Each structure stands twice: as structure tokens, then as C-alpha cells.
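Written out below as C-alpha cells is the structure these notes cover.
In the working numbering, the protein residues as written are 11 to 113.
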């Protein structure tokens, strides 16, 4: 299985490149858009609420504690880069794919 374009290996984990759509009806993985994982969130993009919701959503999907996911780039943008620590790239890819298939 080829590595998804939105996942990049990091020294201590995996970078996930995402595009966030806030104020959606439900939290869900929408698919891949321009080489980024598109995620819809119910939270508004106000005072970091969408960033917190994104980290909580990904922690739930990947079955890791929130402290293992950090926002690396894109604090005030729709396009973001997150670092997932302590999980190898193939595991991240499998778990994200499984969540997308369940939607």
C-alpha cells in the first residue's frame, strides 16, 4: 500500500497535513483534497476552538491520548500540519482509512 500524500514521516512520529472546514454539521473525515486530508468540524474557528476540536477528533480516530498530537503549523489557517508522536506511519494510515470507511 502506498503512503498517502497527506502523511509525512517525522523523526518522532508522523506529520498529518489537513484542511479543516469548521462549523460543519458533524465531525468527520471527508476525504483527500489537494493532497491534504479534509476534515469537517462542528467547532467554530474562534479562539482556538477548531484547533482543540481537531486534536480531540484525531486523538479519538487514532486512539491515542491528546497529548500525543500537536499543531505544528496553521494555527489560524484552514490548512494545518499536525504531529502525531509515538505511532508509526502505517498505523496512522490504517486508522485514518478505517475512520474514513466508517463515515
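The beta-carbon is built from N, C-alpha and C at its ideal position, and this holds for glycine as well. Remember, it's a predicted structure, so these values are computed and weren't measured experimentally.
For residue 99 versus residue 24, is the C-beta distance shorter than 7 Å? For the purposes of this step, residue 99 is taken as the residue at position 89 of the chain shown. For the purposes of this step, residue 24 is taken as the residue at position 14 of the chain shown. Closer than 7 Å, so yes.
Is it buried or exposed for residue 71, if we count other Cβ within 10 angstroms and need 16 for buried? By one-based count along the chain shown, residue 71 stands at place 61. Buried, by the Cβ-count rule.
Residue 36 (DSSP reduced to helix, strand or coil): Stepping through the chain shown from its first residue, residue 36 is reached at position 26. Coil at residue 36, not helix or strand.
Whole angstroms is fine: what's the gap from residue 103's alpha carbon to residue 29's? Numbered from its first residue, the chain shown carries residue 103 at position 93. Numbered from its first residue, the chain shown carries residue 29 at position 19. Distance between the alpha carbons of residue 103 and residue 29: 17 Å.
Determine the closest residue to residue 26 out of 36, 53, 13 and 35, with distance taken between C-alpha atoms. The sequence position of residue 26 within the chain shown is 16, counting from 1. Of 36, 53, 13 and 35, the residue nearest in Cα terms is 13.
Under a Cβ-count criterion, where at least 16 other Cβ atoms within 10 Å of its own Cβ denotes burial, should residue 90 be classed as buried or exposed? Within the chain shown, numbered from 1, the residue matching residue 90 stands at position 80. Classification of residue 90: buried, given that the 10 Å Cβ count is 16 or more.
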